[in-house]
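Participant: Got a structure for you, questions after.
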Amino acid sequence: MSGKIDKRIACLASVRLMTIEDGGHMLHYDQPQLLILTIEQFLAL
């Protein structure tokens, strides 16, 4: 991860970084089920 992103994350109280493998710029097309699961988990917080 780049240094700039690390600095931004460090400024936030609670951060959860999710990486979806084989996901490109069209994540909703490349990994739709995993994206839905990730969004549902985020909304449940």
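Numbering (the working numbering), first residue to last: 2 to 46.
Each residue gets a CB set at the ideal place from its N, CA and C atoms; glycine is no exception.
Is the separation between the beta-carbon of residue 21 and that of residue 44 shorter than 8 Å?
Facilitator: Their beta carbons are not under 8 Å apart, which means residue 21 does not touch residue 44 by this criterion.
Participant: Under the three-state reduction of DSSP, which class applies to residue 46: helix, strand or coil?
Facilitator: Coil, per DSSP.
Participant: Could you name the residues of the same chain whose beta carbon sits closer than 7 Å to that of residue 15, not counting the 5 residues immediately before and after it, in chain order?
Facilitator: Taken in chain order, the list of residues that qualify is empty.
Participant: Compute the minimum distance between the beta carbon of residue 32 and the heavy atoms of the ligand GDP, and state whether it is under 7 Å.
Facilitator: As for the ligand GDP, it is missing from this structure, which has no ligand bound.
Participant: What would DSSP say about residue 22, mapped onto helix, strand or coil?
Facilitator: DSSP places residue 22 in coil when its eight states are reduced to three.
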